[in-house]
Amino acid sequence: MATDERMIKKLSEFGDGFKHHHENYAVSDISKIRETGGIWELDGVSFHFPEHFGFCYGVDKAIDMVFETCARFQGERIFLTDQLIHNPYINNKLTEKGVSYLKRDSQNLLICDQLRAGDKVVVSAFGTDFRDIKALREKGVTIVDSTCGAIINVWKRVEGYAKKGFITIMHGKRNHEETRATVSQAVKEGGLYITIENKTEARELALVILGQISEKEFLAKYPTASPAGFSFDTATCKMGMANQTTMLKGESLEIQDILRKAFIERYGEEATRERFRSFDTICGATQDRQDALRKLLNTKLDLVLIVGGFNSSNTTHLAEIAWNRLPIFHIEGEADILSKTQIRARNPQTSAVSVETDWFPKNLKNVGITSGASTPDVTLLEIIRKICELK
Ligand code: SF4
């Protein structure tokens, strides 16, 4: 083993003979479209793809690492800290291979009782709480850490805030694995955090900064936004922003703006430069997929399909971008296409998953199709085949 035998962080660290495992999800026709960008004509339907879609480099790496773990340690006990990525196809494949999931306690920390020295534990692409890593090391397991490098970059920023006495203001989904792992990096360095999910919450935090709502009132309203027992004083505190890598960039920038303005209004420009830091930590792959979809939506299309897990942050944001511009449906896979008259889809505004009727356009010719960073191409192929069948 090329590195500490209890921690593997790259595919190459498995040692001689490591390999990519693209055969588990790649489709050559779709790979070609990705290389050339463009349209796939099939059975009288034109499927229009954006310039960027599907697996990002972080997910690609995580999948290679987990499948390599399964190949190398066949017959041994292999666990995952969480869903590797938010995609049912890949998660089912791993379950079929005998990979088990560790459970979490009420604090969202891993329950490691069942682990034995020598077990293999794969940390998902989202990363995990630093206390989980500590607990896993104590158990003497081999940790295969597939945390994406783009997320680790955000951790470094958060650690820096904590070391300099800044409260991390994290724009992200509180229940998302990545957000939980990221804010734990502040705690690791003895720092604190407040997670805000959207502009409404940012505006309320701005009112706290302006002294119009008390800190206590805000924390009581959002009890899971900060560590238990946390308090702060806006008269003296410093704040630094970070965001979950898959949020909408526009929303993150607006949130930064809301908070910076509140600081300036209360303390002036000069003090704000000392007391407020912001940085856009949306990852490049997420941004590319969002920009490419916006461009695709300028094409004349009869229907748009956004494909990816209903709990996938980056996919739900793609659906938000396309919403109201064309008939769009966010589906997880081919099984959601129930018939020519019924489709099971997630509404990006209400988050409700329901069966919609009369969704299949008459004279369907042009379909826009994209997928989130955790969706394998094989899922797109199944959907494309079903659409052609229905046509
Ligand atoms: S979406 Fe970005 S941060 Fe998330 S795994 Fe992919 S490359 Fe990494």
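Heads up: the sequence shown begins at 921 in this note's numbering, then just goes up one per residue.
Yeah, the Cβ is synthetic: ideal placement off N, Cα and C, and Gly gets one too.
Measure the Cβ-Cβ separation of residue i and residue j and say whether it is below 8 Å.
{"i": "arginine 992", "j": "phenylalanine 934", "result": "yes"}
{"i": "isoleucine 1257", "j": "leucine 1238", "result": "no"}
{"i": "aspartate 1153", "j": "glutamate 1135", "result": "yes"}
{"i": "cysteine 990", "j": "lysine 952", "result": "no"}
{"i": "threonine 1290", "j": "phenylalanine 969", "result": "yes"}
{"i": "isoleucine 1248", "j": "valine 1273", "result": "no"}
{"i": "phenylalanine 999", "j": "valine 1041", "result": "yes"}
{"i": "valine 965", "j": "leucine 1246", "result": "no"}
{"i": "threonine 1115", "j": "alanine 1140", "result": "no"}
{"i": "threonine 1067", "j": "valine 1043", "result": "yes"}
{"i": "leucine 1130", "j": "alanine 1191", "result": "no"}
{"i": "alanine 1155", "j": "valine 1074", "result": "no"}
{"i": "leucine 962", "j": "isoleucine 1304", "result": "yes"}
{"i": "glutamate 971", "j": "alanine 1212", "result": "yes"}
{"i": "lysine 1093", "j": "glutamate 1117", "result": "yes"}
{"i": "threonine 1295", "j": "glycine 978", "result": "no"}
{"i": "proline 1281", "j": "aspartate 1222", "result": "yes"}
For residue i and residue j, which I take to be in contact (beta-carbon distance under 8 Å), what is that distance rounded to the nearest angstrom?
{"i": "threonine 1099", "j": "glutamine 1164", "result": "5 Å"}
{"i": "alanine 1101", "j": "phenylalanine 1150", "result": "Actually they are not in contact, since the Cβ atoms of alanine 1101 and phenylalanine 1150 sit about 18 Å apart, beyond 8 Å."}
{"i": "leucine 1035", "j": "arginine 1051", "result": "That pair is no contact at about 15 Å."}
{"i": "threonine 1206", "j": "alanine 1293", "result": "7 Å"}
{"i": "leucine 931", "j": "lysine 1013", "result": "About 18 Å separates the two Cβ atoms, so there is no contact after all."}
{"i": "leucine 1301", "j": "isoleucine 950", "result": "6 Å"}
{"i": "alanine 1106", "j": "tyrosine 1113", "result": "5 Å"}
{"i": "lysine 1119", "j": "glutamate 1174", "result": "6 Å"}
{"i": "isoleucine 1307", "j": "valine 1287", "result": "6 Å"}
{"i": "serine 1233", "j": "isoleucine 1202", "result": "That pair is no contact at about 11 Å."}
{"i": "methionine 884", "j": "histidine 1250", "result": "Past the edges of the chain, shown from 921 to 1311, lies residue 884, and the structure says nothing about it."}
{"i": "cysteine 1032", "j": "lysine 1059", "result": "5 Å"}
{"i": "arginine 1197", "j": "tyrosine 1081", "result": "7 Å"}
{"i": "glutamine 1210", "j": "isoleucine 1241", "result": "6 Å"}
{"i": "asparagine 1011", "j": "leucine 1004", "result": "7 Å"}
{"i": "leucine 1056", "j": "alanine 1126", "result": "At roughly 39 Å, the Cβ-Cβ gap does not stay under 8 Å, so leucine 1056 and alanine 1126 are not in contact."}
{"i": "lysine 1169", "j": "glycine 1085", "result": "In fact, because the Cβ distance is near 28 Å, the residues do not count as touching under 8 Å."}
{"i": "serine 1104", "j": "aspartate 1049", "result": "4 Å"}
{"i": "asparagine 1231", "j": "histidine 1006", "result": "5 Å"}
Mind checking residue i: buried by the 16 CB within 10 Å criterion, or exposed?
{"i": "glutamine 1269", "result": "exposed"}
{"i": "glutamate 1252", "result": "buried"}
{"i": "alanine 1070", "result": "buried"}
{"i": "glutamate 988", "result": "buried"}
{"i": "methionine 921", "result": "Per-residue confidence for methionine 921 stands at a pLDDT of 44, beneath the threshold of 50, marking its modelled position as unreliable; the derived number appears in the next sentence. The residue in question, methionine 921, is exposed, as its Cβ has fewer than 16 Cβ neighbours within 10 Å."}
{"i": "glutamate 943", "result": "exposed"}
{"i": "glycine 1188", "result": "exposed"}
{"i": "glutamate 917", "result": "Here the chain has residues from 921 to 1311 only, and residue 917 is not among them."}
{"i": "arginine 1266", "result": "buried"}
{"i": "aspartate 1297", "result": "buried"}
{"i": "threonine 1015", "result": "exposed"}
{"i": "glycine 957", "result": "exposed"}
{"i": "glutamate 1097", "result": "buried"}
{"i": "aspartate 1002", "result": "buried"}
{"i": "glycine 1229", "result": "buried"}
{"i": "aspartate 1025", "result": "exposed"}
{"i": "threonine 1277", "result": "exposed"}
{"i": "glutamine 1176", "result": "buried"}
{"i": "glycine 1111", "result": "buried"}
{"i": "threonine 1299", "result": "buried"}
{"i": "glycine 1160", "result": "buried"}
{"i": "aspartate 984", "result": "buried"}
{"i": "aspartate 936", "result": "exposed"}
Would you check whether ligand 3 has a heavy atom nearer than 7 Å to the C-beta of residue i?
{"i": "isoleucine 1263", "result": "Absence of ligand 3 from the depicted structure is noted, with ligand 1 being the only ligands included."}
Exercise. Identify every run of the beta strand (DSSP E) within the stretch 1024-1049, keeping only runs that are complete inside it and at least 3 residues long; order them along the chain.
Key: List check, beta strand (DSSP E) in window: 1040-1043.
Exercise. Pick out the complete beta strand (DSSP E) segments inside the stretch 965-1006, 3 residues or longer, and give them in chain order.
Key: DSSP runs (the beta strand (DSSP E)) wholly in the stretch 965-1006: 965-968, 998-1000.
Exercise. Would you list the residues whose beta-carbon is nearer than 6 Å to any heavy atom of ligand 1, in the order they occur in the chain?
Key: Those residues are Cys976, Tyr977, Gly978, Val979, Ala1045, Cys1068, Ala1070, Ile1071, Thr1165, Thr1166, Cys1203, Ala1205, Thr1206, Asn1234, Ala1293, given in chain order.
Quiz item: What are the complete beta strand (DSSP E) segments, minimum 3 residues, inside the stretch 1281-1305?
Solution: Counting only runs of 3 or more, we get 1286-1291.
Quiz item: Going along the chain, which unbroken runs of the beta strand (DSSP E) with 3 or more residues stay wholly within the stretch 1140-1220?
Solution: Runs found: 1158-1163.
Self-check item: Segments assigned alpha helix (DSSP H), at least 4 residues, entirely inside the stretch 1068-1107
Solution: Qualifying alpha helix (DSSP H) stretches, in chain order: 1069-1083.
Self-check item: Any beta strand (DSSP E) of 3 or more consecutive residues that is wholly inside the stretch 1251-1285
Solution: If only uninterrupted beta strand (DSSP E) runs of at least 3 residues are considered, those enclosed by the stretch 1251-1285 are 1262-1266, 1273-1277.
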